[in-house]
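Worksheet: one structure, shown below.
Numbering (my numbering), first residue to last: 3 to 218.
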């Protein structure tokens, strides 16, 4: 399945993400939600540029009175609370608005603003953590998760250097190596419908994205 990514000038809504795989993951999810039309997804090539006052401000300021929505989606990594605080402070410094994680702030004459920390502002990890946790702990998915964890444990026993730096990225990669071995990364896996975005584990992310208009 190929998802066409629109151009920024064609879109009323913008989502800012960290990287290439994130871009394709969120585009695929929104495509399946029928909310991709009119949304430009901007890759910032990392988390640090998003949290940089100058870089984020240079991007946001000329667009605030031209777009209807601007959202930021980024990973908690090892500091979920710190990440949420940093984004909130950058948005306050740039726009004077106080935005709460997981929600949107409305202001007349300007774009609504929102941001989302994955998996949550209280849990370490990244969007891969959210996707991994969304697999149900039952049936074939439970067996798959157990098999992947056994594989990683065995690889670490064989060589300590084979331990995943990011456990959930490693888990997703191992799952997709079997489910979609052409490109076992999160974004391409989502594009090929290897994740069920209707699952309860995606509910919080769905709720955040549902502010964006649905197409026919």
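From the three backbone atoms N, C-alpha and C, an ideal C-beta is built for every residue, glycine too.
Fair warning: this is a prediction, and the values are worked out from it, not measured in the lab.
Check                                                                                                                                                                         : Outcome
Report the start-end ranges of each alpha helix (DSSP H) in the stretch 123-175 that is 4 residues or longer and not cut off at the edges.                                    : 129-136, 141-160
What's the C-alpha gap between residue 13 and residue 69?                                                                                                                     : 8 Å
Between residue 15 and residue 214, how many whole angstroms is the CB-CB distance? I'm expecting something under 8 Å.                                                        : 6 Å
Can you list, in chain order, the residues of its chain with a C-beta nearer than 6 Å to that of residue 62? Leave out the 5 residues immediately preceding and following it. : 96
Roughly how many angstroms lie between the CA atoms of residue 210 and residue 75, to the nearest whole one?                                                                  : 10 Å
Report the option in 104, 31, 58 whose CA atom is closest to the CA atom of residue 92.                                                                                       : 58
Decide if the stretch 24-35 is in contact with the stretch 186-202; the criterion is three or more beta carbon pairs, one per stretch, under 8 Å apart.                       : yes
Is it buried or exposed for residue 162, if we count other Cβ within 10 angstroms and need 16 for buried?                                                                     : exposed
Tell me whether residue 100 is buried or exposed, calling it buried when 16 or more other Cβ atoms sit within 10 Å of its Cβ.                                                 : exposed
State yes or no: is the C-beta of residue 133 within less than 9 Å of the C-beta of residue 170?                                                                              : yes
Report the start-end ranges of each alpha helix (DSSP H) in the stretch 57-131 that is 4 residues or longer and not cut off at the edges.                                     : 82-97
Specify the secondary structure class of residue 196 as computed by DSSP and reduced to three states.                                                                         : coil
Quick one: what's residue 210 bridged to in DSSP?                                                                                                                             : Its beta-bridge partners do not exist; DSSP assigns none.
Tell me whether residue 42 sits in a helix, a strand or coil according to DSSP, three-state version.                                                                          : strand
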